[in-house]
Ligand code: ADP
Ligand code: MG
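Here is the structure:
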């Protein structure tokens with residue numbers, strides 16, 4: 202076990218060892234299929250509307266791509282969903298019943314919304330394996346998990362995640378020695394360890410090589426169907442490779458929504474992307 206974790210465990214003196222996966226966060230009611238509802242969300246910065254009556258719905262198990270030029274409001278939208286920014290108006294619901302505008306950032310994370318920022322944030326001084334172990338143990342929803350040695354289920358879960366993010370052969374390497382792309386995959390793996398119900402990824406292939414981008418596309422495709430995901434990017438070519446349904450943001454509102462082919466032919470979208 203990781204020595205830091207072991208010290209915390211000794212210091213706590215608590216011997217309880219409940220089974221992993223004892224989730225204490227609120228249940229998300231997806232009985233109407235949707236996992237996220239944004240309606241008429243407005244965010245103003247000194248009178249400038251970064252989001253202007255933004256309305257969109259994400260279905261459970263959907264992989265939605267949200268594209269839009271720089272400044273369209275994509276990151277601000279993620280900030281609203283995760284509680285980092287409070288909207289000036291509108292409603293944001295997680296499932297049918299959880300009002301995101303009434304929760305703190307920590308409560309939203311605890312409810313099951315995981316977010317990956319553009320820049321990877323891994324524990325550089327720890328190995329790949331330890332990063333996944335820590336991500337699982339830091340999960341506030343799993344009571345007292347810091348106390349327990351890894352059980353067989355937890356080890357299996359780490360092994361499966363290592364396979365998924367294609368880092369099995371590098372499990373013992375310090376995270377600080379990974380390439381940029383490998384760090385991004387590790388961070389996605391760390392989010393997965395916490396079993397989020399909705400995963401938000403902001404520009405996941407920014408700064409990656411072509412080969413890393415191709416492998417990331419493969420990873421996102423593998424995850425889709427099992428996870429509800431929102432992938433935000435400004436690069437139409439990248440989005441075209443993973444997209445099922447696409448929402449185009451422009452000046453804080455939805456400009457167009459639909460399949461990638463229709464979106465790429467939409468004259469309003471062409472103008473926003475090519476007309477300037
Ligand atoms: P995107 O992620 O689509 O590039 P952002 O959501 O980052 O766009 O930004 C949308 C608009 O809001 C931009 O014009 C940006 O300058 C502005 N903006 C974002 N955050 C702030 C802030 N904290 N203060 C003032 N303006 C902001
Ligand atoms: Mg952004």
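In our numbering, the protein residues as written are 202 to 477. All C-beta atoms, glycine included, are put in the ideal place defined by N, C-alpha and C.
The continuous stretches of alpha helix (DSSP H) do not include residue 255, which lies in the beta strand (DSSP E) extending over residues 249-260. If you look at residue 423, you'll find it isn't in any beta strand (DSSP E); it sits in the alpha helix (DSSP H) that goes 411-424.
Listed in chain order, the non-local C-beta contacts of residue 363 below 6 Å within the same chain comprise 369, 372, local neighbours out to five positions each way being set aside. As a beta-bridge residue in DSSP terms, residue 428 pairs with 425. With respect to the 8 Å criterion, residue 325 and residue 291 are not classified as neighbours on the basis of their beta carbons. Ranked by how close their Cα comes to the Cα of residue 409, the residues 399, 439, 423, 425 have 439 in first place. Judged by their CB atoms, residue 470 and residue 456 are nearer to each other than the 8 Å cut-off. For residue 439, the shortest separation between its Cβ and any heavy atom of the ligand ADP does not lie below 7 Å. Ranked by Cα distance from residue 384, the first of 338, 321, 433, 263 is 321. A Cβ-Cβ separation of about 6 Å places residue 448 in contact with residue 257 under the 8 Å criterion. Residue selection by CB proximity (closer than 6 Å to any heavy atom of the ligand ADP) returns 246, 251, 269, 271, 272, 273, 274, 275, 276, 277 in chain order.
Out of 318, 361, 312, 310, the CA that lies nearest to the CA of residue 333 is found in 361. Residue 311 and residue 275 have their alpha carbons spaced roughly 23 Å apart. At a Cβ-Cβ threshold of 8 Å, residue 473 and residue 279 do not count as neighbours. Taking the Cβ atoms as the reference, residue 421 lies roughly 5 Å from residue 443, within the contact range of under 8 Å. Taking 8 Å as the cut-off, the Cβ atoms of residue 454 and residue 253 count as close.
By the CB criterion at 8 Å, residue 295 and residue 403 fall outside the cutoff.
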